[in-house]
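Colleague:
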Amino acid sequence: MKKRLSILLLVAMVLSMVCGITAYAIEPRYVYTGSVISSITISDSSSTAYCKGTAKGDSTVTRIEATQYLEKKSGTTWSTVSGCTWSDSSNRNSLTISNSKSNLSSGTYRVRTVFKVYCGNTYEIAEATSEEATI
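When the count follows this note's numbering, it moves up by one through the sequence shown with no breaks and lands on 220 for the last residue.
1. Can you give the beta carbon distance from Ser132 to Ser187, rounded, assuming they're within the 8 Å contact cut?
2. Using the three-state DSSP reduction, which class does Ser190 fall into: helix, strand or coil?
3. Have a look at Lys201, Phe200, Tyr115 and Cys136 and flag the residue whose alpha-carbon is nearest the alpha-carbon of Ser215.
4. I need the straight-line Cα distance from Ala110 to Thr139, nearest angstrom please.
5. How is the beta strand (DSSP E) around Ile125 delimited, first residue to last?
6. On the three-pair Cβ rule with 8 Å, is the segment 203-219 touching the segment 166-175?
7. Please list, in chain order, all residues of the same chain as Val199 whose beta carbon is under 6 Å from its beta carbon, the five residues on each side excluded.
8. Measure the alpha-carbon distance for Asn206 versus Thr219 and round it to whole angstroms.
Dropping the structure here:
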């Protein structure tokens, strides 16, 4: 009985060494979209936020539409700053949307850009959110 238990434990140990466990961060997978990025830079002297979003698609992409939001944090929730929703589009496989907003009040801000990436008549939604920036 002890011999069987020893063999069973040995087999379990060998299998646990062979079958490693790896954890990966969950990342969205897109069909035609190669990359999406949003960034924010804040000038403290003028209280201006410079917002940028970029999407790059593969060679099958025919159009990209973007909607960009400058958001301010209030407690644990984010709200779009009044007048700070912008849109742009391109009939190419890449798009960069850039905007700015001056005279911001103190607080924590971020940029969220939502891209609609087309391949012919079908599309996928890709979203990128910047790091937080504080005035």
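Note that CB positions come from ideal geometry on N, CA and C, so glycine has one too.
Modeller: To lay it out plainly:
1. 7 Å
2. coil
3. Cys136
4. With a pLDDT of only 48 at Ala110, under the threshold of 50, the placement of this residue in the model should not be trusted; the figure read from the coordinates follows. Taking the straight line from one Cα to the other gives about 22 Å.
5. Thr118 to Ser128
6. no
7. Thr152 and Glu212
8. 40 Å
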